[in-house]
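The next block holds one structure in the form of structure tokens; read it before the comments.
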Amino acid sequence: MKYLCLVYSEESLLDTMPDSDCLEYDESIRKSGHCLASEALQPVHTATTVRVRDGKVSITDGPFAETKEQLAGFYLIDASHLDEAIELAAKIPPAQVGSIEVRPIRPIREMARQGK
Amino acid sequence: MVEESEQDFSKKLEQLYRNEFRRVLATLIRLLGDFDQAEEALHDAFKAALEQWPQQGIPENPRAWLVSVGRFKAIDKLRRDSRFDTFDEIPAQLDIFIVNPEDEQDECLEDDQLRLIFTCCHPSLSVEAQVALTLREICGLTTEEIARAFLIAPKTAAQRIVRAKAKIRDTRIPYEVPAHEQLPERLNSVLQVIYLVFNEGYSASSGHVLARHDLSAEAIRLGKLLMELLSSEPEILGIVALMLLQDSRRAARTTSEGDLILLNEQDRALWDRDQISEGVALVKCALSLSGFGAYTVQAAIAAVHAEAPSADKTDWREITGLYDVLLRIYPSPVVELNRAVAIAMRDGPEAGLALIEVLISQGQLEDYHFLYAAQADFHRRLGQTDQAILAYQHALKLAQQEPERRFLQKRLAELHNK
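As structure tokens, then:
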């Protein structure tokens, strides 16, 4: 089963964490075969939010919601159950200063193919 | 004669149902991988038993019979609507067609109850959901009974259970006993649920007191089941002892009108001696094991009270010593407050008052009426009536539960009449 691990943190705290820590874990989880994709994001000041209302595109500066912790990156992982996903998420270095939201992937394409 | 044996038979079936349905359900959840399918299969299995056993007699191993029949009824159903729902579900559903004789052995079945407990109390579920699911799936309470016990609408209780089951399914919470290194933390979550259920019944102060009393009995039963399944964990012994020792005072802690009676004013003849001796034995056992924690120490404190022949003869030295231990294991302002009360009993109200003033100056427990009730009591015992009245009034503003409010009002009336 696939889970998306969303990495949230205050950016100032994340800055105190050396990139090498994150790279090291990234390499090890990729080697383990559990990682399907992973990326770090540019800081939140680079965010642009796009909405379409009545066919009109509106563009605003900044993230969808102003919160203390910002989305900083993600791991798309494959785990056999939630406990394994939690174990993998707990090892993501920013978990020590921020938090990781673990969400199962909804198999939307597979379900569409089944005509559901 | 025939009628009597029929009666015996239906009694026997009823007893069997009560003894076995939890275990059978726990195993069916593992085999079928789904709570709802398992509940349906359990129902079908008992229905088949009611039809077949009167003619064929009760099988040698009724539990295994019920598990097998339940599983085959579920497989039948799956075959009938044999279109698999999604590609994802195929492997999971194929599994249940493969009958492995080991699956139904007794040892494996015992583990299923433990699996069910840990799954229902998984920390990724909200505590309310853990409690509702545990009472529904492990204790076998109906949704209506759960709603009544927690003073919530049946719809709310049903929703909590449905959502919890959906989260277990959609996030794939495993049906497993946690690995050794995760056990302490996961066990905490189970103990928290048990103690919450117990307290919900024990501090029953409004609503259907009887229905809520049953919750305490249910929590003790659950604790004892856990004790059977995981005997080497001291904190399980500790929590069962704590519940037994608190429950032993049930008959003495309220008047017939439902007013609270404080520990030192209770009629100790009303304390349940059987529960006390069972609790004390468990505390001793827990304290002899390494790795005991806060539940065990709280039980040890309750045991000192339980063994004191009267309030005056309580060993306050022992109790303050145990609070020191508790504070090291579980530092919290509530424990500090309880320790202050014990020290006041040992060294006099001035000593207690000094400790309470420290807590107040630190801004701790600002909304906790017991803090001001204790402060009031110390002033009262020192004859400082005005300060006592002020503190009781403060406590009354914060107290929520009716019996506690009545108690504080009674104390205030006594002081005003002085």
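Residue numbers (the numbering used here), protein chains in the order written: chain A, 1 to 116; chain S, 117 to 534.
Note that beta-carbon positions come from the ideal geometry of N, C-alpha and C, so glycine has one too.
Residue of the options minimising C-alpha distance to residue i
{"i": "D83/A", "options": "S184/S, Q382/S, R497/S, L241/S", "result": "L241/S"}
{"i": "W432/S", "options": "A415/S, G409/S, L443/S, I459/S", "result": "I459/S"}
{"i": "T16/A", "options": "L41/A, G98/A, Q114/A", "result": "G98/A"}
{"i": "T67/A", "options": "K2/A, Y3/A, S9/A", "result": "S9/A"}
{"i": "D363/S", "options": "Q308/S, R337/S, M343/S, S372/S", "result": "R337/S"}
{"i": "V107/A", "options": "D330/S, R187/S, D286/S, D388/S", "result": "The displayed chain sequence assigns Pro, not Val, to residue 107/A. For the residues D330/S, R187/S, D286/S, D388/S, the minimum Cα distance to P107/A belongs to D286/S."}
{"i": "A512/S", "options": "F486/S, P239/S, T258/S", "result": "With the sequence shown as reference, residue 512/S is identified as Leu, and Ala is not the correct amino acid for it. Among F486/S, P239/S, T258/S, the Cα nearest to that of L512/S belongs to F486/S."}
{"i": "A559/S", "options": "R187/S, L166/S, L378/S, G256/S", "result": "Residue 559/S falls outside the range modelled here, since chain S spans only 117 to 534, and no answer is possible."}
{"i": "D124/S", "options": "I472/S, G173/S, N304/S", "result": "G173/S"}
{"i": "R365/S", "options": "A418/S, A507/S, I310/S, D330/S", "result": "A418/S"}
{"i": "R496/S", "options": "G479/S, A529/S, E394/S", "result": "A529/S"}
{"i": "V309/S", "options": "L376/S, K429/S, W169/S, P239/S", "result": "P239/S"}
{"i": "L453/S", "options": "A422/S, V420/S, A489/S", "result": "A489/S"}
{"i": "K429/S", "options": "E167/S, G437/S, A333/S, N380/S", "result": "N380/S"}
{"i": "R288/S", "options": "L506/S, R146/S, R444/S, M461/S", "result": "R146/S"}
{"i": "A161/S", "options": "R369/S, S184/S, N304/S, F151/S", "result": "S184/S"}
{"i": "R384/S", "options": "T370/S, L132/S, E301/S, V451/S", "result": "T370/S"}
{"i": "L232/S", "options": "E292/S, R444/S, E176/S, V399/S", "result": "E292/S"}
{"i": "I284/S", "options": "R109/A, A112/A, Q114/A, P104/A", "result": "P104/A"}
{"i": "L531/S", "options": "I476/S, D493/S, E244/S", "result": "D493/S"}
Any chain A beta carbon closer than 7 Å to residue i
{"i": "K340/S", "result": "no"}
{"i": "P207/S", "result": "Unreliable positioning characterises P207/S in this predicted model, as indicated by a pLDDT of 49, which lies under 50. The coordinate reading is nonetheless provided below. Judged by the 7 Å Cβ criterion, P207/S is not in contact with chain A."}
{"i": "G323/S", "result": "Its pLDDT being 46, under 50, G323/S is placed unreliably by the model, and nothing is read from it."}
Same chain, Cβ closer than 7 Å to residue i, neighbours up to 5 away in sequence not counted
{"i": "E226/S", "result": "L345"}
{"i": "H34/A", "result": "I77, D78, A79, L88"}
{"i": "L403/S", "result": "T412, A416"}
{"i": "P350/S", "result": "A402, L405, G407, F408, T412"}
{"i": "K534/S", "result": "T501"}
{"i": "L158/S", "result": "F137, V140, L141, L144, G186"}
Own chain partners of residue i with C-beta closer than 6 Å, once the 5 adjacent residues on each side are dropped
{"i": "Q153/S", "result": "A190"}
{"i": "R455/S", "result": "Y439"}
{"i": "I392/S", "result": "S364, A422"}
{"i": "L342/S", "result": "I352"}
{"i": "D228/S", "result": "A142, T143, R146"}
8 Å CB neighbourhood of residue i in its chain, flanking five on each side removed
{"i": "K340/S", "result": "V356"}
{"i": "E11/A", "result": "P43, V44, Q70, A72"}
{"i": "Y25/A", "result": "K91, I92, P93"}
{"i": "L148/S", "result": "A154, A157, R187, A190, I212"}
{"i": "V457/S", "result": "G468, A490"}
{"i": "V118/S", "result": "Confidence at V118/S is low in this model, with a pLDDT of 48, below 50, so the placement of that residue is unreliable and no value is reported for it."}
{"i": "L30/A", "result": "In the sequence as displayed, the identity of residue 30/A is Arg instead of Leu. So the list reads S38, once near-sequence residues are dropped."}
{"i": "L498/S", "result": "P465, E466, L469"}
Could you name the residues of the segment 74-88 of chain A whose beta carbon sits closer than 9 Å to any beta carbon of chain S, in the order they occur along the chain?
-> Within the segment 74-88 of chain A, the residues whose Cβ lies closer than 9 Å to some Cβ of chain S are A79, S80, H81, L82, D83, E84, A85, I86, E87, listed in chain order.
Residues in the segment 1-13 of chain A having any Cβ partner in chain S nearer than 9 Å | For the segment 1-13 of chain A, which is checked against every Cβ of chain S, the residues closer than 9 Å are M1, Y3.
Taking Cβ-Cβ distances below 9 Å as the criterion, which residues of the segment 96-112 of chain A are in contact with chain S?
-> If the cut-off is 9 Å between Cβ atoms, the segment 96-112 of chain A has V102, R103, P104, R106, P107, E110, M111 near chain S.
Report yes or no: do the segment 53-60 of chain A and the segment 73-89 of chain A share at least 3 C-beta pairs separated by less than 8 Å?
-> The segment 53-60 of chain A, when compared against the segment 73-89 of chain A, does not touch it at the 8 Å Cβ threshold.
Got a sec: which bits of the segment 285-296 of chain S sit with their beta carbon under 8 Å from any beta carbon on chain A, in order along the chain?
-> Per Cβ criterion, the list reads D286, T287, R288, I289, P290, E292, P294.
In the segment 235-252 of chain S, which residues sit with their C-beta less than 7 Å from some C-beta in chain A, listed in chain order?
-> For the segment 235-252 of chain S, which is checked against every Cβ of chain A, the residues closer than 7 Å are S240.
Given 8 Å as the limit, is there contact between the segment 132-148 of chain S and the segment 252-266 of chain S, that is, 3 or more CB pairs closer than that?
-> Result yes; three or more Cβ-Cβ pairs closer than 8 Å.
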